[in-house]
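Just below is one structure, and these are the notes that go with it.
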Amino acid sequence: MIVQHLHYPLESIAYEPTVLAIGYFDGVHQGHRRVIQKAIDLAKELRIKSAVMTFHPHPREVLGQSGYTRYLTPLSAKLELLERMGVEIAYVVQFDIPFSSVYPQDFINEFLVPLEARHVVVGFDYTFGYRGKGTAFTLKEFSQGRYGLDVVSPITRYGEKVSSTIIREYLYEGKIAEANEFLGRPYSLSGTVIHGEKRGRQIGFPTANIGMTEPYLIPRTGVYGVRVKHAEKEFFGVMNIGIKPTFEQEKKEKSLEVHLFDFEGNLYDQELKVEFLVFIREEQKFAGVEQLVKQIQQDVLFAKQKFKSL
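Under my numbering, the first residue of the sequence shown is numbered 58, with each subsequent residue one higher.
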């Protein structure tokens, strides 16, 4: 997949004709995939390249709105998922204050048309341009026959529209099964193993401490059953997200620690991808280490039973 970083105003160079899916696509969830797959399928029919236009950073972050300092899929993860889908070109548009002031018609005339977008695919609720005034109707109104347009209907589950917003809410609530169903895959994050306090090793459950290298959304505090991918190998385990109240007297920044089943070795400075499969329990403060160890043993047994049904 070719990745091209664009900014406003668009550089005047030759671009390949494409079928272009447009959206932020945080999470690349099932609804997003329907939009993107439509573009891929149409591109094959028209015998031109499939492309996705996304934006970075998130518009809400640039405009100072709350809730988007962390992502379901930071840019590198999003691009990896797009490539796996078979997208041929990814346009990453720098979202900044000047770009946020571009009017919808100017976006069409100065971006879509020069990019050689022969056909555009968007979700039914897509908005763009200054104060989000542009809609799918605007794309059609100002197309003037220069590109075709498909507007893709939403996917719903349990009466809810599949959206990044609801997935974020599920993760904050620890509703992993629901989040994973809406995503169409396990929610995951990646990070590098860093040195911790080594308490896990002292109580018989060595853990890898994950340091975030990208701004992933971190799920609710608690204990999870997880699958960990490292160096083309997979391991199951349990992860604790929290402040370790049994040991810590004062609240501090959350840590992410994962205990891998059937693993021995040194993972320091290695990158791990953690997939969340099941929420086990909330983080608790125990009276002592012995009580904590008994609970971890129960967590491990519970997780292993759950993994049998996956």
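The beta carbon of each residue, even a glycine, is placed where N, CA and C say it ideally should be.
My output table needs one value for E332: the three-state DSSP class, helix, strand or coil.
As a first step, residue 332 must be located in the sequence shown, where it is residue number 275. The answer is strand: DSSP assigns E332 an E or B state.
Nearest to A147 by alpha carbon, out of I97, L103, G180?
As a working mapping, residue 147 is identified with position 90 in the sequence shown. Checked all of I97, L103, G180; the closest Cα to A147 is I97.
Confirm, please, whether the CB-CB distance from Q151 to H115 is below 8 Å.
In the sequence shown, residue 115 corresponds to position 58, counting from 1. In the sequence shown, residue 151 corresponds to position 94, counting from 1. Cβ atoms of H115 and Q151: not closer than 8 Å.
Is the region 342-362 touching the region 320-333, taking contact as three or more C-beta pairs under 8 Å?
The region 342-362 vs the region 320-333: no contact.
For E314, does the three-state DSSP call read helix, strand or coil?
As a first step, residue 314 is located in the sequence shown; it is residue number 257 there, counting from the start. In the three-state reduction of the DSSP assignment, E314 falls in the strand class.
Can you tell me whether T270 is buried or exposed, with buried defined as 16 or more other CB within 10 angstroms of its CB?
Start at 1 with the first residue of the sequence shown, and residue 270 comes out as number 213. The C-beta of T270 has fewer than 16 other C-beta atoms within 10 Å across all chains shown, which makes the residue exposed.
Simplified DSSP assignment, three categories, for K292:
Start at 1 with the first residue of the sequence shown, and residue 292 comes out as number 235. First, the residue type needs correcting, since residue 292 is Phe and not Lys in the sequence shown. Secondary structure at F292: strand, using DSSP grouped into helix, strand and coil.
Secondary structure of M269, DSSP reduced to three states:
Within the sequence shown, numbered from 1, the residue matching residue 269 stands at position 212. In this structure, DSSP gives M269 an extended state, which the three-state scheme calls strand.
From P211 to V92, what distance separates their C-alpha atoms?
Locating residue 211 in the sequence shown gives position 154, counting from the first residue. Locating residue 92 in the sequence shown gives position 35, counting from the first residue. Taking the CA atoms as reference points, P211 sits about 9 Å from V92.
By the 10 Å Cβ neighbour count, where 16 or more other Cβ atoms means buried, how is L120 classified, buried or exposed?
Along the sequence shown, one-based indexing puts residue 120 at 63. If you draw a 10 Å sphere on the C-beta of L120, you find fewer than 16 other C-beta atoms in it, and that means exposed.
Could you tell me the alpha carbon to alpha carbon distance between P272 and T111, rounded to whole angstroms?
Stepping through the sequence shown from its first residue, residue 272 is reached at position 215. Stepping through the sequence shown from its first residue, residue 111 is reached at position 54. Approximately 17 Å between the Cα atoms of the pair.
L240, buried or exposed, once every other Cβ within 10 Å from all chains shown has been counted against 16
Residue numbering aside, residue 240 sits at position 183 when the sequence shown is read from its first letter. Around the C-beta of L240, 16 or more other C-beta atoms lie within 10 Å, and the residue is accordingly described as buried.
Can you tell me which of the three DSSP states H89 falls into?
Residue mapping note: residue 89 aligns to position 32 of the sequence shown, counting from 1. Helix, per DSSP.
Using the Cβ count rule (16 or more neighbours within 10 Å means buried), how would you classify K290?
Here residue 290 corresponds to residue number 233 of the sequence shown, with the count starting at 1. That one is exposed.
Would you mind stating whether F292 and L317 have Cβ atoms separated by less than 8 Å?
To locate residue 292, count along the sequence shown from 1; it is residue 235. To locate residue 317, count along the sequence shown from 1; it is residue 260. Yes, Cβ-Cβ distance for F292 and L317 is below 8 Å.
Which term fits I59, buried or exposed, when burial requires 16 or more other beta carbons within 10 angstroms of its beta carbon?
Taking the sequence shown and counting its residues from 1, one reaches residue 59 at position 2. Exposed, since its Cβ has fewer than 16 Cβ neighbours within 10 Å.
Backbone secondary structure at Q151 - three-state DSSP:
As a position in the sequence shown, residue 151 is number 94, starting the count at 1. Three-state result, Q151: strand.
Quick one: measure Cβ to Cβ for Q162 and F199, integer angstroms, because I've assumed they're closer than 8 Å.
As a first step, residue 162 must be located in the sequence shown, where it is residue number 105. As a first step, residue 199 must be located in the sequence shown, where it is residue number 142. Between the beta-carbon of Q162 and that of F199 there is about 5 Å, and that keeps the pair under the 8 Å contact cut.
Is R284 near the ligand MN, judged by its Cβ being under 7 Å from some heavy atom?
This structure lacks the ligand MN; in fact it carries no ligand of any kind.
Roughly how many angstroms lie between the CA atoms of G231 and E118, to the nearest whole one?
Start at 1 with the first residue of the sequence shown, and residue 231 comes out as number 174. Start at 1 with the first residue of the sequence shown, and residue 118 comes out as number 61. If you take the alpha carbons of G231 and E118, they lie about 24 Å apart.
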